[in-house]
Each structure stands twice: as C-alpha cells, then as structure tokens.
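K.L.:
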Ligand SMILES: CC(C)(COP(=O)(O)OP(=O)(O)OC[C@H]1O[C@@H](n2cnc3c(N)ncnc32)[C@H](O)[C@@H]1OP(=O)(O)O)[C@@H](O)C(=O)NCCC(=O)NCCS
C-alpha cells in the first residue's frame, strides 16, 4: 500500500502531525475537503461556502494533509482584534490524535501575532467532543442561542480571551 493509505498497515503508529503538514486551502483541494465535511457534519458546508472563504480576505482555512488525504481543517475569520472560528473538523479516521488541538494551536498563535484579544466560536449544545476540546483550551461559556442551527439545535457561544492579564 502506498503513502496515501491509512498508516500503511494497521500495526503502524499514526503519523505525528505538526505545523509542517498544514497548508492553506486551495481551489483544487475543495473536493477532498468537501468529502470530509460531508462525512463529519450534520449540516455540512457546501462547495460554495468554502469557495466564499477562499474569496474572503478576512478568512483563513488551514488544512492538514497526510499524503493526498485530508486529515483535518479549520476555518476562521480575523477582524480587528477578534477571531471567529467558523469550522473545525478532523476526518473520522484521524480523531483523538491531537489534530484539532494542532489546528487550534496554530490558529491561536496566528491570533496572537495579529494582536487578537478575543476568540469566539459557536458549538452545538450536544457536541460533547468539541465542547471538551474547547474547554481544554480555556474557552468559557458566554451564552446560548436557542434554535440557532437550521435544524433547530441550540448553539453555545464560547469565548477565549488571549490577553486576559494585560
Ligand atoms: C471535535 C473534533 C474536531 C475533535 O477533533 P480531534 O482531532 O479528534 O480532537 P483532538 O484529538 O485534537 O482532541 C483534543 C482534546 O479534545 C477533547 N476531545 C476530542 N474528542 C473528544 C471526544 N470524542 N470525547 C471527549 N473529549 C474529546 C479531549 O480533551 C482531547 O484531548 P485528549 O485526546 O488528550 O483527551 C472532531 O471530533 C470532529 O471533527 N467532529 C465533527 C465535526 C465537529 O463537530 N466540529 C466542531 C464544530 S464546533
């Protein structure tokens, strides 16, 4: 089996992903990213949604790759001193390997470089994996938007202050 197969053999350890495996989303990556999105989200983003991000100068979409395979991605907007995380996904096969943590680490470091003070995100109330991830980064619950999602699910709004002690 080649470089693009899942860890080549079931006995092999998964790769240790690092910032060097991250690339900014490009137009030609859209089919591979969309496939992971559809496999991961109850209401997946469309191709147009990702396309809009590519055309938005405030948007960053970073993708982790393993060979030609999409491992995970994050989308965020940086506007003045605020960073909004809009999407964060790890492909099902690569979960619990620290992929989302790496993507968040890199996004927050980018925020620090850009003098971001506050990082916001919305997460489905029942998304225990994502909430645990964000809490482990020190995100605090700010509020709840009832029926925020198209299917009627509530959204929790979470905030992390990057320069709390200044
Ligand atoms: C949420 C999601 C992005 C986490 O990705 P991941 O790469 O598996 O997460 P990581 O391996 O980086 O986990 C980091 C920490 O998050 C928490 N965490 C992640 N998945 C968890 C789970 N299923 N249950 C409980 N805690 C979890 C843990 O604290 C974990 O640290 P640990 O593994 O040392 O215990 C992934 O489950 C996913 O893509 N879900 C579907 C899409 C989604 O819901 N995105 C979030 C939108 S707001």
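Numbering (the numbering used here), first residue to last: 302 to 467.
Note that the Cβ used here is the ideal one computed from N, Cα and C, for glycine as well.
If you're wondering where the values come from, they're calculated on a predicted model, not measured in any experiment.
In the structure shown, what three-state DSSP assignment does residue 353 receive?
P.N.:
helix
K.L.:
Please return the same chain residues whose Cβ sits closer than 8 Å to the Cβ of residue 467, not counting the five positions on each side in sequence.
P.N.:
Note that residue 467 has pLDDT 48, beneath the 50 cutoff, so the model's placement of it is unreliable and the number below is only indicative. Hits under 8 Å: none found.
K.L.:
Alpha carbon to alpha carbon, how far is residue 456 from residue 409?
P.N.:
22 Å
K.L.:
On the three-state DSSP scale, how would you describe residue 396?
P.N.:
coil
K.L.:
Assuming residue 434 is part of the alpha helix (DSSP H), what are its boundary residues?
P.N.:
429 to 437
K.L.:
Could you check whether the Cβ of residue 425 sits closer than 8 Å to any heavy atom belonging to ligand 1?
P.N.:
yes
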